[in-house]
Structures are given as structure tokens and as C-alpha cells.
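Visitor:
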Amino acid sequence: MDNKDRLILALAALLRAERETRGALMEALEEDSIPREALLAILSDPIPVVTQEDIKFAERFALSRHLPIGGKG
């Protein structure tokens, strides 16, 4: 696996995590299970910088889900 493949896997994992987070926030909004102020604080929090550690975590996550490597196969 080369750097390009690892980057693709990491980005796929980050995108999946983002979608799951948004889905959870939408459910919380629909069910009124979290105070509005808490949701606003979560949504207003600045987006953190992605670190090398984040990329490694995303790679491990993607590989644990047996995601195909882009452009091969």
C-alpha cells in the first residue's frame, strides 16, 4: 500500500466518522434528547486540525472494516 492508498483510506474513514457524527446529532435534535445549548456548543466548536495520529487512527479504522483499496482490484 502506498501513500496515496493510505490517504484514500484515511479520508474515507474520516468521512464515514463525520457522517455518523452528523447522523447522531440529527437524531439528538429530532428527539430533543440533548439541550439546545449543548448542541450549539458542539456545532460552533472549531474544526480541529488533522494530525498524523488522526490519519493513522483513520487508516486502522478503515483497514479494520476491510475497505477496498482505491484503484486496485
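Quick note, the sequence shown lines up with residues 1 to 73 if you use the UniProt record's numbering.
Just so you know, even glycine gets a beta-carbon here, dropped at the ideal spot from N, CA and C.
#1: Pick helix, strand or coil for Arg6, following the three-state DSSP scheme.
#2: By Cβ distance below 6 Å, which residues in the same chain neighbour Ala13 in space, the five residues on each side in sequence not counted?
#3: Could you work out which residue in Lys4, Leu9 and Leu43 is closest to His66 when comparing CA atoms only?
#4: Do Leu25 and Ile42 have their C-beta atoms closer together than 8 Å?
#5: Where does Asp32 sit, in a helix, a strand or coil, going by DSSP?
Guide: Here's the rundown:
#1: Residue mapping note: residue 6 aligns to position 6 of the sequence shown, counting from 1. In this structure, Arg6 counts as helix in the three-state DSSP scheme.
#2: Here residue 13 refers to the residue found at position 13 when the sequence shown is read from its first residue. Here the set comprises Ala58, Phe61 and Ala62.
#3: Position 66 of the sequence shown holds residue 66. Nearest of Lys4, Leu9 and Leu43 to His66, Cα basis: Leu9.
#4: Residue mapping note: residue 25 aligns to position 25 of the sequence shown, counting from 1. Residue mapping note: residue 42 aligns to position 42 of the sequence shown, counting from 1. Result yes, Cβ atoms of Leu25 and Ile42 sit closer than 8 Å.
#5: Counted from its first residue, the sequence shown places residue 32 at position 32. Asp32 falls in the coil class under three-state DSSP.
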